Amino acid sequence: MTQVARIVEILRGDVAPGTRATVEGWIRTRRDSKAGLSFLHVHDGSCFDAIQVVAPASLPNYESDVLRLTTGCAVAITGTVSASPAAGQAVELQAESVDVVGWVEDPDTYPISPKRHTFEYLREVAHLRARTNTFGAVARVRHSLALAIHRYFDEHGFYWVHTPILTTSDAEGAGELFRVSTLDLANLPRTAGGAVDFAQDFFGKPAYLTVSGQLNVETYCLALERVYTFGPTFRAENSNTSRHLAEFWMVEPEIAFADLDDNADLAEDLLKYSFRAILDERPDDMAFFAERIDKQAVSRLEGLVTSSFARMTYSEAIAALERSGRDWEFPVSWGVALQAEHERYLCEEYAHRPVVVTDYPKEIKAFYMRLNDDERTVAAMDVLAPGIGEIIGGSQREERLDVLDRRIVEVGLDPASYSWYRDLRRYGTVPHAGFGLGFDRSIAYATGMANVRDVIPFPRTPGSADF
RNA sequence: UCCGGCGUAGCUCAGUCGGUAGAGCGGGCGGCUGUUAACCGCUUGGUCGCAGGUUCGAGUCCUGCCGCCGGAGCCA
1 MTQVARIVEI LRGDVAPGTR ATVEGWIRTR RDSKAGLSFL HVHDGSCFDA IQVVAPASLP
61 NYESDVLRLT TGCAVAITGT VSASPAAGQA VELQAESVDV VGWVEDPDTY PISPKRHTFE
121 YLREVAHLRA RTNTFGAVAR VRHSLALAIH RYFDEHGFYW VHTPILTTSD AEGAGELFRV
181 STLDLANLPR TAGGAVDFAQ DFFGKPAYLT VSGQLNVETY CLALERVYTF GPTFRAENSN
241 TSRHLAEFWM VEPEIAFADL DDNADLAEDL LKYSFRAILD ERPDDMAFFA ERIDKQAVSR
301 LEGLVTSSFA RMTYSEAIAA LERSGRDWEF PVSWGVALQA EHERYLCEEY AHRPVVVTDY
361 PKEIKAFYMR LNDDERTVAA MDVLAPGIGE IIGGSQREER LDVLDRRIVE VGLDPASYSW
421 YRDLRRYGTV PHAGFGLGFD RSIAYATGMA NVRDVIPFPR TPGSADF
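Note that the first sequence ends on residue 467 in this note's numbering; no numbers are left out.
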């Protein structure tokens, strides 16, 4: 009886030499030898490496099938696992049968030919790019990081809360919203005044895709104490950068009976735990990233998990920027928002590691962030990572109803629109805090991939939502 | 949205001063070899993004449009 084995099981030695096994996967390369055999490299996604299959010319379908195999063909190969006599691999599979499950109908135009491709090109063939070394590695690291994040929270008493994707809250203030409607766009119902009559829409009012689960998850925080969201988030901003997606994944923990220091501790602990997990669980993929994508990929993570993050207040950051003697494109003074060039300096040149910047001027932050005693700043924090910029943004939340109302009015919003959010402050309010971690940005940071469009399977950006 | 750059073979690119379209890789054929991003030879392969304009002649110069990429802003 022959068992189907994942390639990783064979390569790591779980299948003893001499054992018959079947592997199922896709051809990466084929090399023929006049010694009377062909070498097939087969990958199945179970690990970075492909397995070398030795296909002897004595196979009945050697001429008809094996010699016609090209990159991308799907195969099922049964053979004997054996030690490899040549350098390059410890074990290989001596084929007894090679079944072609699916041919590549035209090797000349197969989009993933065995050569280097630019990432820009591969985005155009996103349905096939997962077969490449790079995107297979990204997929495995992405999976590993997601599971590590869930595991961290589970081990620390957090509950995963499924906050809604659809929302009718139109004033979250975190970005442009995608409208969701079942109205006939070509024949919109109108009110007497001529406006679109959203009373006839699916929810009886305007609806959108969520830009953050935070406000919702705060409600569960004030019941279960430690909670988090992990799901897709949507922003209809016309952002065209290597760090922005219209649909991205965000992790938003929220902790009760906690202040900004607890929040920063959590952010640092979570990042260290989950990045350490990548190093432990995906050494093969990370070695590839360090070799081919970004030489610092492994050393950067190793440094991150063993050293503490730098921490400074916004005021200290401004002072450091002023002392730098740099000629900033955007002049620095207390009260201005930190620009990309400032954030880059702080983590890449000033601290040489991730930096937590806290206590920003209230004018440049959201209304729900807790007002500090100085009445000028709020208990906000950003975590800045070298090479990628802001990967975390968070705050201690304003738990005092009178102060919250004052802030809502100050920024021009209507307290009546936040009735359930205000109720949390009316009924058993407690200090609490939380943050948003950009999951895709974290993958980019960990792998050294330069563009978040290449760390998510099917990127959505302005003007682009194919596949 | 703003600034900059780029659109030439399946892919990555070169193409000089405006003068009949090139290379590498891939694919095909052959050679060689327990090979390993193999190597050697031959070969295949083009709406030069689209539409106008200038010119005897445009891949090349001009105008408009479309698409993509990078940076900025917004943010995660």
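Quick reminder that beta carbons are idealized off the backbone N, C-alpha and C, glycines included.
Model, not experiment: these values are computed from the prediction.
Linking glutamate 322 to glycine 389 through their CA atoms gives a straight-line distance of about 20 Å. Proximity to asparagine 133 across Glu291, Val227 and Ala83 peaks at Glu291, based on C-alpha coordinates. Judged by DSSP in its simplified three-state form, alanine 340 adopts helix. A direct Cα-Cα distance of roughly 7 Å separates glutamine 396 from proline 431. Of the candidates Asp44, Asp49 and Arg31, Arg31 places its Cα closest to the Cα of proline 56. Between the stretch 216–234 and the stretch 161–168, the count of Cβ pairs shorter than 8 Å is three or higher; the stretches touch. In this structure, DSSP gives glutamate 254 an extended state, which the three-state scheme calls strand. In the three-state reduction of the DSSP assignment, tyrosine 62 falls in the coil class, being assigned neither a helical nor a strand state. The stretch 264–271 and the stretch 279–294 do not touch, with fewer than three beta-carbon pairs separated by less than 8 Å.
The beta carbon of arginine 311 is closer than 6 Å to those of Val356 in its chain, skipping five residues each way along the sequence.
Bounds of any alpha helix (DSSP H) do not take in glutamine 296, whose DSSP letter is neither H nor E. In the three-state reduction of the DSSP assignment, proline 283 falls in the helix class, which pools H, G and I. Looking only at Leu67, Leu304, His244 and Pro60, the smallest Cα-Cα distance to proline 386 is reached by Leu304. Residue Gly394 holds the alpha-carbon nearest to the alpha-carbon of methionine 369 among Gly394, Asp402, Leu93 and Ala340.
Phenylalanine 309 and histidine 352 have their C-alpha atoms roughly 10 Å apart.
At the C-beta level, alanine 148 and alanine 297 stay beyond 8 Å of one another.
For aspartate 99, the beta-bridge partners assigned by DSSP are Ala76. Only buried fits leucine 145, as 16 or more other CB atoms lie within 10 angstroms of its CB.
Nearest to glycine 213 by alpha-carbon distance, out of Leu437, Gly13, Asp44 and Ala74, is Leu437. For threonine 167, the beta-bridge partners assigned by DSSP are Tyr208. Secondary structure note for valine 227: it is in no alpha helix (DSSP H), and the uninterrupted beta strand (DSSP E) holding it is 226–234. The C-beta distance from proline 17 to valine 100 rounds to 27 Å, too long to meet the 8 Å contact threshold. Here the stretch 233–248 makes contact with the stretch 452–467; the two share three or more CB pairs at distances below 8 Å.
Here the alpha carbons of lysine 272 and alanine 380 stand approximately 21 Å from one another. Taking C-alpha positions only, alanine 195 is separated from phenylalanine 202 by approximately 17 Å.
Between the C-alpha atoms of arginine 376 and lysine 362 there is a straight-line separation of about 6 Å.
Comparing C-alpha distances from histidine 150 to each of Tyr360, Leu301 and Phe275 shows the shortest one belongs to Phe275. Beta bridge pairing from DSSP links tryptophan 160 with Tyr228. Taken through DSSP and simplified to helix, strand or coil, valine 8 comes out as helix. With a cut-off of 8 Å on Cβ pairs, the stretch 408–417 is not in contact with the stretch 246–254, counting fewer than three such pairs. Pairing arginine 422 with leucine 404 gives a Cβ-Cβ distance under 8 Å. Judged by DSSP in its simplified three-state form, alanine 87 adopts coil rather than helix or strand.
According to the DSSP assignment, glutamate 237 belongs to no beta strand (DSSP E), since it is labelled neither H nor E. When the alpha-carbon of isoleucine 364 is set against those of Ala337, Asn372, Leu384 and Asp382, the nearest one is in Ala337. Distance from the Cα of glycine 428 is smallest, within the candidate group Leu222, Ser464 and Cys347, for Leu222.
Within the stretch 329–415, the complete alpha helix (DSSP H) segments of 4 residues or longer fall at 340–344 and 401–410, listed in chain order.
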